[in-house]
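Asker:
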Amino acid sequence: MGGTPAMRYDAVIVGSGMAGLLAAHRLLRERPGAAALIVDAGPALDARNRYGTGEWGGYGGAGLFLGGRVYLGAATIPVLPPLSLPAGAHVVLEGKAYAERTREVNALLDRLGAHAPLRDTPNEGVTQAMERAAEAGLEYVTSYPARFLSIEERMGVLRALHDELGAAGVGFRFGAPMTAIARTVEGYRLTLGTAEAAASEDTAQSIETRALLLAPGRYGAEWLVRVAGELGAGVVPLAPAFGVRIEVPRAAYAPLTDVNPDPRLQRTLEDADAMVKTYATCPGGIVTAVERYGRLVASGVPLMGEERTPNTTFAVLVQPGVRGAAERWRGGEASAALLNERAPGRLVVQRLADMQAGRATMAAALAANSIAPTNRAAQPGALHDAYPDAYWRAFEDLLARIERLAPGVATGDTLLYGPAEERFWYFPTDERLQTTLPGLFVAGDGPGQSQGIVQAAVTGLLAGEGLARHLAG
Ligand SMILES: Cc1cc2nc3c(=O)[nH]c(=O)nc-3n(C[C@H](O)[C@H](O)[C@H](O)COP(=O)(O)OP(=O)(O)OC[C@H]3O[C@@H](n4cnc5c(N)ncnc54)[C@H](O)[C@@H]3O)c2cc1C
């Protein structure tokens, strides 16, 4: 494609988040002089808004740029829920071997300028919240030991990493979304999209590479699943997590959000092969409708300072295993399509009291509701008949337990928006994250290998070694 001749590399890495950056770092340590290029759809470090508002891509990706929490405890690669899994799904790194890799990542962060101390346990406020949650029969998810890097530390680390990669000869391209990928005899041919390329075929950039790592992060997951599938790599969908996003008075949820802005509360329903959990809490935030997975789904946006609303929103999702999705939770995966048909181009909103009474919410009742919807475009209507009964039982049980920690959360005026949905995939790989296609690797949050900075970094180290091994072969 395009008039410019193809550029040739040994390895191309898509995504300059922790996974992509650490993969390049490890590749160049293993194979000094390898011709490597990192491409990212977002901006270079200096062009990024330092406080990251509304911008989740670019050099540094989402994690180390936007959040400074460095969790150094146990995890597995890939991330697999403790539920029934698709046939053949298995962990490639865990236990002591994983811990050893986190130490490597931590040592690298130190060398690059991180100096925040390690905290073994949460602060008193979180510890008390965990105890109260346990009394209410809820698991309060925290991740310790951890370090909390200041914004200055994070920028320093990212800059030092950039300098080391540059000194090792790694090339960078920003504002360059990878669009098309094709297999060749020697590897892969890639097409880089740019603003100019969209306007003119002549400026579309073609790149040939022997090895390719796709590390596009959580927000690139849909793209990754599509291109990997088109190339013929194995991609296995996990059962979608489905549910509603709720909106409650900010003051009512404050006992939880004052100690942790995104408290994650959950219950494992072992007999039903599922977990029910709160997800992506936004204190003072708003509910928006976003296009995801070919559907319109409810999402939360945090707002700061004077922009904050009187409401707090969080999702209540059921994550079933493969068996649970086929049995107790059957139909949950179809809720989003049903609700999108019911209200084309809009979310559906229902008062909790109406959901419990099995009647649609009318516009007049919504207008008189004590909690004003932050998503004014949402259509008042019915959610109660769009989900399996088992969902509502799990939802009401979770909400009643949360009510014990934050009274005022489960009133009749609480608003429910649907649909809410999160999807995850399993990519079969070898222990160095090579997919079922030779020379094609996946790492980071996009393919579900990680959830967090350190875990993404560990996948980067593995993939970097995989790339080096492939080039040596
Ligand atoms: C607001 C926020 C705060 C967070 N805070 C923390 C925290 O404190 N601690 C923690 O452990 N985790 C945190 N996380 C999670 C963390 O961001 C991720 O786990 C981590 O960033 C995953 O790294 P990654 O390399 O897989 O992907 P990302 O960091 O998401 O990087 C992927 C990159 O790929 C690029 N990309 C995507 N598609 C394409 C394409 N087609 N072509 C070219 N480039 C593409 C994107 O622009 C992006 O720069 C936070 C996440 C968010 C959104």
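Numbering (our numbering), first residue to last: 2 to 474.
Note that beta-carbon positions come from the ideal geometry of N, C-alpha and C, so glycine has one too.
(1) Determine whether the beta carbon atoms of Thr-415 and Val-186 lie at a separation below 8 Å.
(2) Pull up the CB-CB distance for Tyr-99 and Val-459, whole angstroms please, since I reckon it's below 8 Å.
(3) Please state the DSSP three-state secondary structure of Arg-329.
(4) Tell me where the alpha helix (DSSP H) around Glu-105 begins and ends.
(5) I need the straight-line Cα distance from Glu-101 to Leu-86, nearest angstrom please.
(6) Report the rounded CA-to-CA distance for Ala-365 versus Ala-48, giving the unit in angstroms.
(7) At what residue ranges does the region 212-270 contain a whole run of the beta strand (DSSP E), taking only runs of 3 or more?
(8) Express the C-alpha separation of Gly-16 and Gly-218 in angstroms, rounding to a whole number.
(9) Buried or exposed for Val-319, please, with buried defined as at least 16 other CB atoms from any protein chain shown within 10 angstroms of its CB.
(10) Tell me whether Ser-336 sits in a helix, a strand or coil according to DSSP, three-state version.
(11) Quick check: Ala-395 and Val-226, are their CB atoms within less than 8 Å of each other?
(12) Any heavy atom of ligand 1 inside 7 Å of the beta-carbon of Ser-155?
(13) In the DSSP assignment, find the alpha helix (DSSP H) that holds Tyr-60 and state where it starts and stops.
(14) Which whole-angstrom value describes the C-beta separation of Gly-419 and Leu-340, a residue pair presumed to lie in contact below a C-beta threshold of 8 Å?
(15) Spatial neighbours of Ser-201 within its chain, please: CB distance less than 7 Å, with the 5 preceding and 5 following residues excluded, ordered by chain position.
(16) Using CA atoms only, rank isn't needed, just tell me which of Thr-210, Arg-296 and Arg-190 is closest to Ile-182.
(17) Which one or two residues does DSSP pair with Val-92 in a beta bridge?
(18) Within this structure, are the beta carbons of Phe-428 and Leu-468 separated by less than 8 Å?
(19) Quick check: the region 104-113 against the region 251-265, are there 3 or more CB pairs under 8 Å?
(20) If you draw a straight line from the C-alpha of Gly-61 to the C-alpha of Ala-130, how long is it?
(21) Please name the residue or residues paired with Ala-147 in a DSSP beta bridge.
(22) Can you find at least 3 beta carbon pairs, one from the region 76-90 and one from the region 38-48, that sit closer than 8 Å?
(23) Report yes if the C-beta distance between Gly-461 and Ala-134 is below 8 Å; otherwise report no.
(24) Which residue marks the beginning of the beta strand (DSSP E) containing Thr-412, and which one marks its end?
(25) Using a beta-carbon distance below 8 Å, is Arg-227 in contact with chain C?
(26) Counting only runs of 4+ residues fully inside the region 122-195, write out the alpha helix (DSSP H) ranges in chain order.
Answerer: Taking the definition as stated:
(1) Result no, Cβ atoms of Thr-415 and Val-186 do not sit closer than 8 Å.
(2) The beta-carbon separation of Tyr-99 and Val-459, rounded to 7 Å, stays under the 8 Å limit for a contact.
(3) Coil, per DSSP.
(4) First-last of the alpha helix (DSSP H) with Glu-105: 96-112.
(5) Their Cα atoms are separated by approximately 26 Å.
(6) Cα to Cα, the separation comes out at about 47 Å.
(7) Complete beta strand (DSSP E) runs here, min 3: 242-250 and 265-270.
(8) If you draw a straight line from the Cα of Gly-218 to the Cα of Gly-16, it comes to about 7 Å.
(9) The residue in question, Val-319, is buried, as its Cβ has 16 or more Cβ neighbours within 10 Å.
(10) Correct three-state label for Ser-336: helix.
(11) No, these two residues do not count as a Cβ contact at 8 Å.
(12) Ser is not the amino acid found at residue 155; the sequence shown has Arg there. No.
(13) From DSSP, Tyr-60 is part of no alpha helix (DSSP H); its letter is neither H nor E.
(14) Confirmed, Cβ separation roughly 5 Å.
(15) Caution applies to Ser-201, whose pLDDT of 49 falls short of 50 and renders its modelled position unreliable; the value that the coordinates give is listed next. So the list is empty, once near-sequence residues are dropped.
(16) The option with the nearest alpha carbon to Ile-182 is Arg-190.
(17) None, per the DSSP bridge assignment.
(18) Not a contact, by the Cβ cut-off of 8 Å.
(19) Fewer than three Cβ pairs drawn from the region 104-113 and the region 251-265 lie within less than 8 Å of each other, which leaves the two stretches out of contact.
(20) Between Gly-61 and Ala-130, the C-alpha separation is close to 32 Å.
(21) Per DSSP, Tyr-72 and Arg-120.
(22) Between the region 76-90 and the region 38-48 there are fewer than three C-beta pairs closer than 8 Å, too few to call the two in contact.
(23) No, the pair does not count as a contact, with Cβ atoms beyond the cut-off.
(24) Where Thr-412 is concerned, there is no enclosing beta strand (DSSP E), because DSSP gives it neither an H nor an E.
(25) Annotation note: the requested chain C is absent from the structure, which comprises a single protein chain.
(26) Inside the region 122-195, DSSP marks whole alpha helix (DSSP H) runs of 4 or more residues at positions 125-136 and 152-168, from first to last along the chain.
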